[in-house]
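Student: Numbering (my numbering), first residue to last: 161 to 627. This is the structure I have questions about; it appears just below.
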């Protein structure tokens, strides 16, 4: 009798518990499917945001490319229960900062300037992707559907610009220099193409006898609070090694420090595969260039008398005159020893006012010398030695990276306010070729032009997921 009662009790309990157990197991299965769906959507969102951000260059075509390439990147991805992902363009939006405001692709194409961040919000992909029916959840008193979603933001975390700024010799973006009849030459912000300048010995101030240059705070972007310690040599050194700033744009005033002496020249020389001194560079994060040939002396064999220096000699300071190079005086230049012009045209030739290239046969008119340049340009490759010379090798054991010797240097509106620490306004970013190894008193850089807005945007290449 007791056994029969016990069996009856077990059957009654089973009748009550079994549906509940089935419901709990079913709910667990449905939750597992929801988590799997959300994980798959997050992978799609990450891929869309990263791929799109890599295409942004400040142009309308960059926005179009971002939408197209992002869709192509996920077309073969599958989401369980839905199938292949045909990306809805509404998933993507764009902004100038990770905080927004966010513009859809149509609005972004109308105002693409400065848009460097992409956001993917899978809610815009539609309910087929984000809503899952939940039968067992409803059975247990919950909702009859579960909504899942995913969002990702991607954009640059750095800018391939050197944490060294110099004064622009002129505030005029493009001017013309007269060198004689038919020899009008293009000058950008006071620089002559093809001339190597000592970047530590330039100063547009009247009567200047010493150069004006600054270290940039590499970790405090414009608009943030300046941190004096961030411009200490030890803090700037790794950024000088890599040639980068830890923020994506130069919009606004840069935080600067005047230097009594330049102590980070050894970090620049990592581009030649030379690692040493305090705060030495890591060869894996700061590899040498694929071309480590210095262009001075006999290694600049297209220059008569093999100039021993890589950069042109600084001009003699004079009342009311800026400190520039001997190549920058007013026409007509006095004839000087050819070697004083330093190495010419290692990266490329001087430019005519119409932006076409001068010929090396024009050297004696562009750069008056005594004795004159002999056999001018006989051994000079037509597009520049750095680009065309066969001597392209890196030190054994260190993989080289192409164009590491191209330095992207901010040009400041000067004078900059007095004091060790000050803020400065950027007029433009100039491209210089590091023609030879730097020292505490010389950074030899051949002027190779001003970056366009699109080229500058392309330097923000370290795109990563931000959230």
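Ideal Cβ positions, reconstructed from N, Cα and C, are used throughout, including at glycine.
Would you identify the three-state DSSP class for residue 609, choosing helix, strand or coil?
Tutor: The residue you call residue 609 lines up with position 449 of the chain shown. Correct three-state label for residue 609: strand.
Student: Start and end of the beta strand (DSSP E) containing residue 327?
Tutor: Indexing the chain shown from 1 puts residue 327 at position 167. 324 to 327 is the span of the beta strand (DSSP E), which, as asked, contains residue 327.
Student: Hey, would you say residue 471 sits closer than 7 Å to residue 508, going by beta carbons?
Tutor: Indexing the chain shown from 1 puts residue 471 at position 311. Indexing the chain shown from 1 puts residue 508 at position 348. Cβ distance not < 7 Å, so residue 471 and residue 508 don't count as in contact.
Student: Identify the residues that DSSP records as bridge partners of residue 581: which are they?
Tutor: Mapped onto the chain shown, residue 581 falls at position 421. BP columns for residue 581 point to 417.
Student: Within 10 Å of its beta-carbon, does residue 498 have 16 or more other beta-carbons around it, so buried, or fewer, so exposed?
Tutor: Position 338 of the chain shown, counting from 1, holds the residue named residue 498. So residue 498 counts as buried.
Student: If you reduce the DSSP assignment to three classes, tell me which class residue 451 lands in.
Tutor: As a first step, residue 451 must be located in the chain shown, where it is residue number 291. Three-state result, residue 451: coil.
Student: What residue from 368, 326, 226 has the CA that sits closest to residue 417's CA?
Tutor: Counting from one through the chain shown, the residue named residue 417 turns up at place 257. That would be 326, whose Cα lies nearest to the Cα of residue 417.
Student: Round the Cβ separation of residue 528 and residue 492 to the nearest angstrom and send it over; I've been treating them as touching at under 8 Å.
Tutor: Start at 1 with the first residue of the chain shown, and residue 528 comes out as number 368. Start at 1 with the first residue of the chain shown, and residue 492 comes out as number 332. With a Cβ gap of about 7 Å, residue 528 and residue 492 count as contacting.
Student: Evaluate residue 536 with the Cβ neighbour count: other Cβ atoms within 10 Å of its Cβ, from every protein chain shown; 16 or more gives buried, anything less gives exposed.
Tutor: The residue labelled residue 536 in the question sits at position 376 within the chain shown. By the 10 Å Cβ count, residue 536 comes out buried.
Student: Of all the beta strand (DSSP E) runs that stay within the bounds of the segment 483 to 535, which reach a length of 3 or more residues?
Tutor: Listed in chain order, there is nothing to give.
Student: Assess contact between the segment 352 to 371 and the segment 475 to 489, defined as three or more Cβ pairs (one per stretch) separated by less than 8 Å. Is contact present?
Tutor: Because the criterion of three Cβ pairs below 8 Å is met, the segment 352 to 371 and the segment 475 to 489 touch.
Student: Does the pairing of the segment 585 to 592 with the segment 403 to 415 give three or more beta-carbon distances under 8 Å?
Tutor: At 8 Å Cβ cutoff, the stretches touch.
Student: Keeping to the same chain, check which residues put their C-beta closer than 6 Å to that of residue 268; ignore five residues upstream and five downstream.
Tutor: Taking the chain shown and counting its residues from 1, the one referred to as residue 268 is at position 108. Cβ within range, chain order: 223, 254, 275.
Student: Within the segment 334 to 410, note down every full beta strand (DSSP E) run reaching 3 residues or more, in order along the chain.
Tutor: Taking only runs of at least 3 residues, the beta strand (DSSP E) segments lying wholly in the segment 334 to 410 are 334 to 337, 345 to 348, 356 to 358, 373 to 376.
Student: If distances are taken between C-alpha atoms only, which option among 243, 270, 272, 225 comes closest to residue 249?
Tutor: Here the question's residue 249 lines up with position 89 in the chain shown. Per the Cα distances, 225.
Student: Can you tell me the Cα-Cα spacing of residue 434 and residue 594, whole angstroms?
Tutor: Along the chain shown, read from residue 1 onward, the residue named residue 434 stands at position 274. Along the chain shown, read from residue 1 onward, the residue named residue 594 stands at position 434. Approximately 14 Å between the Cα atoms of the pair.
Student: Just curious, the alpha helix (DSSP H) that residue 222 is in, first and last residue?
Tutor: Along the chain shown, read from residue 1 onward, the residue named residue 222 stands at position 62. Where residue 222 is concerned, the enclosing alpha helix (DSSP H) stretches over 220 to 234.
Student: Inspect the CB distances between the segment 333 to 353 and the segment 369 to 379 and report whether three or more fall short of 8 Å.
Tutor: The segment 333 to 353 is not in contact with the segment 369 to 379.
Student: Please report how far the alpha carbon of residue 287 lies from the alpha carbon of residue 263, in whole angstroms.
Tutor: Locating residue 287 in the chain shown gives position 127, counting from the first residue. Locating residue 263 in the chain shown gives position 103, counting from the first residue. Their Cα atoms are separated by approximately 22 Å.
Student: Going by DSSP in three states, residue 253 sits in which element: helix, strand or coil?
Tutor: Within the chain shown, residue 253 is the residue found at index 93, counting from 1. It is a strand residue.
Student: Tell me which residues share the same chain as residue 505 and place their Cβ nearer than 6 Å to its Cβ, disregarding the 5 neighbours each side in the sequence.
Tutor: Locating residue 505 in the chain shown gives position 345, where the first residue counts as 1. Correct list, in chain order: 354.
Student: In terms of DSSP beta bridges, what is residue 570 paired with?
Tutor: Here residue 570 corresponds to residue number 410 of the chain shown, with the count starting at 1. DSSP output for residue 570 lists 589 as bridge partner(s).
Student: Assuming residue 277 and residue 213 make a contact with CB atoms under 8 Å, what is their CB distance in whole Å?
Tutor: As a position in the chain shown, residue 277 is number 117, starting the count at 1. As a position in the chain shown, residue 213 is number 53, starting the count at 1. At roughly 6 Å, the Cβ-Cβ gap stays under 8 Å, so residue 277 and residue 213 are in contact.
Student: I believe residue 539 touches residue 533 by the beta-carbon criterion, under 8 Å. Please report the beta-carbon distance rounded to the nearest angstrom.
Tutor: The residue given as residue 539 occupies position 379 in the chain shown. The residue given as residue 533 occupies position 373 in the chain shown. So it is not a contact: roughly 12 Å between Cβ atoms.
Student: Over what stretch of residues does the alpha helix (DSSP H) that includes residue 270 continue unbroken?
Tutor: Position 110 of the chain shown holds residue 270. Note, residue 270: alpha helix (DSSP H), 265 to 270.
Student: Pick from 487, 208, 401: whose alpha carbon is nearest that of residue 252?
Tutor: Working through the chain shown from its first residue, we reach residue 252 at position 92. Comparing Cα positions, the closest option is 208.
Student: Could you check which residue in 230, 465, 599, 559 has the C-alpha nearest to that of residue 265?
Tutor: As a first step, residue 265 is located in the chain shown; it is residue number 105 there, counting from the start. Among 230, 465, 599, 559, the Cα nearest to that of residue 265 belongs to 230.
Student: Find out if the Cβ-Cβ distance for the pair residue 409, residue 430 is shorter than 7 Å.
Tutor: Sequence index remark: in the chain shown, residue 409 carries index 249 (1-based). Sequence index remark: in the chain shown, residue 430 carries index 270 (1-based). Not closer than 7 Å, so no.
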